[in-house]
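Just so we're aligned: the sequence shown equals residues 7 to 286 in the working numbering. In this text, a Cβ means the ideal position worked out from N, Cα and C, and glycines have one as well. Bear in mind the structure is a predicted one, so any value in this text is a computation, not a measurement. Encoded as structure tokens, the structure appears first; notes follow it.
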Amino acid sequence: MHQNMTRRAGLTLAGAALVAAGTRAWGQGAGAFPNRPIKVIVPSAPGGVADILTRLIAPKMAERLGQPVIVDYRAGAAGTIGLSATARSAPDGYTLVFVSETHAAGESLYPKRGYSIQKELVPVAPIGNFPQVLVVNKNLPVNSLKELIDYARANPNRLSYGSGGVGNTYHMAMELMDQMAGIRMQHVPYSSAGTARTDLISGQIQLMFDTVGSMEQHIQAGSVRALAMSSAQRFPRMPNVPTVAEAGVPGYLFESWCGLMGPAGIPADIIARINESVAF
Numbered sequence: 007m008h009q010n011m012t013r014r015a016g017l018t019l020a021g022a023a024l025v026a027a028g029t030r031a032w033g034q035g036a037g038a039f040p041n042r043p044i045k046v047i048v049p050s051a052p053g054g055v056a057d058i059l060t061r062l063i064a065p066k067m068a069e070r071l072g073q074p075v076i077v078d079y080r081a082g083a084a085g086t087i088g089l090s091a092t093a094r095s096a097p098d099g100y101t102l103v104f105v106s107e108t109h110a111a112g113e114s115l116y117p118k119r120g121y122s123i124q125k126e127l128v129p130v131a132p133i134g135n136f137p138q139v140l141v142v143n144k145n146l147p148v149n150s151l152k153e154l155i156d157y158a159r160a161n162p163n164r165l166s167y168g169s170g171g172v173g174n175t176y177h178m179a180m181e182l183m184d185q186m187a188g189i190r191m192q193h194v195p196y197s198s199a200g201t202a203r204t205d206l207i208s209g210q211i212q213l214m215f216d217t218v219g220s221m222e223q224h225i226q227a228g229s230v231r232a233l234a235m236s237s238a239q240r241f242p243r244m245p246n247v248p249t250v251a252e253a254g255v256p257g258y259l260f261e262s263w264c265g266l267m268g269p270a271g272i273p274a275d276i277i278a279r280i281n282e283s284v285a286f
């Protein structure tokens, strides 16, 4: 299982390179496109990273494309509802969907979900790669990853961690760490990472992986403690927080990636037009 999780994490990271590589070819003008609002489907509930990043890029997209960009939430079934709705849409560039390594991994996690991300969706624009930070509730009696691992080993299945759902990015990151460290903790899936974050701060769960952007203010406020980064290197804004690999789990690496995709068949010039509009 450990090898499977490691391989799965590697495949999802490779997906980031495919998204980036598949969207760097610049086309010629897109004619009349766009001549009406563009819809970006967020396949998760409001409050999570997908929501935050989509609302961050949408205004600039609208400004550069000259048309409104509407954020449409289609949460449920680990993203399947939103992605399948996109796959069934007309390939004209007016319906896009936010995707991440969670959805790429879903190809193997949920083989009977009714659509193929590789066959029915096409990369449109990369958004970025993001490390995750492992945080614990301020009242948990651990101050380092080693102490957390020792505590978990002494109390198997006593610690609960949250994520935005089964197969979610944060779920996979924690499951990989659990297996590599040889510990057992209880997974509590939420409808969104934002809801899990709220319960972490209140003490309903004890820990979770999350993005630095989502957790930084809570770390600074002392509501949670940062123990380690999932990335290969320390995060510049948090130089005192070690990586998981250097703090107690050698070889560990897990980074998030995300981007926009659309239904297969979108003309190359329209993809290039949208790609050009996606920037922070």
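Runs of the beta strand (DSSP E) spanning 3 or more residues and lying entirely within the stretch 205-235 occur at 213-217 and 230-235, in chain order. Between V141 and V46 a beta carbon distance of about 29 Å is seen, past the 8 Å cut, so the two are scored as non-contacting.
Counted as a single uninterrupted DSSP element, the alpha helix (DSSP H) harbouring Q185 occupies residues T175 to A187. Counting along the chain, the unbroken beta strand (DSSP E) around Q138 starts and ends at L127 to N143.
The alpha carbon of T108 has as its nearest neighbour, out of P147, A179 and M67, the alpha carbon of A179. Only buried fits E181, as 16 or more other CB atoms lie within 10 angstroms of its CB. Taking the C-beta atoms as reference points, M186 is found no nearer than 9 Å to A158. If you check the CB distance, S50 and A199 come in under 9 Å.
From the listed residues F104, V75 and K144, the smallest Cα separation to L233 is found for K144.
Distance from the Cα of V55 is smallest, within the candidate group I272, F241, S197 and M244, for S197. The beta carbons of V130 and G271 sit no closer together than 9 Å. Nearest to F215 by alpha-carbon distance, out of F39, V48, T249 and L71, is T249. Per DSSP, V250 is one residue of the alpha helix (DSSP H) stretching across V250 to A253.
Distance from S220 to P137 at the Cβ level is roughly 12 Å; contact not present, criterion being Cβ atoms closer than 8 Å. In the three-state reduction of the DSSP assignment, P162 falls in the coil class, being assigned neither a helical nor a strand state. According to the DSSP secondary-structure assignment, M267 is paired through a beta bridge with V103 and P129. Assignment of P52 by DSSP, reduced to helix, strand and coil, places it in the coil class.
Looking from the CA of E252, the closest CA among A274, S150 and R279 belongs to S150. Cβ contact annotation for V194 (same chain, cutoff 6 Å, sequence separation greater than five): S166, G168 and I211, in chain order. For D275, the uninterrupted alpha helix (DSSP H) run begins and ends at A274 to S283, by DSSP.
V284 and N163 have their C-alpha atoms roughly 43 Å apart. Leaving aside the five residues that flank L102 on each side, the residues in its chain whose CB is nearer than 8 Å to its CB run, in chain order, I44, K45, V46, I47, T92, V130, L266, M267, G268 and I280.
For V172, no beta strand (DSSP E) segment is defined, and its DSSP state is neither H nor E.
Only buried fits G99, as 16 or more other CB atoms lie within 10 angstroms of its CB.
Taken through DSSP and simplified to helix, strand or coil, D78 comes out as strand. In chain order, D216 and S220 place their CB closer than 7 Å to the CB of R203, counting only its own chain and leaving out the 5 sequence neighbours on each side. Burial check for S106: the Cβ neighbour count within 10 Å reaches 16 or more, so the residue is buried. The alpha carbon of D57 has as its nearest neighbour, out of D275, A274, A278 and C264, the alpha carbon of C264.
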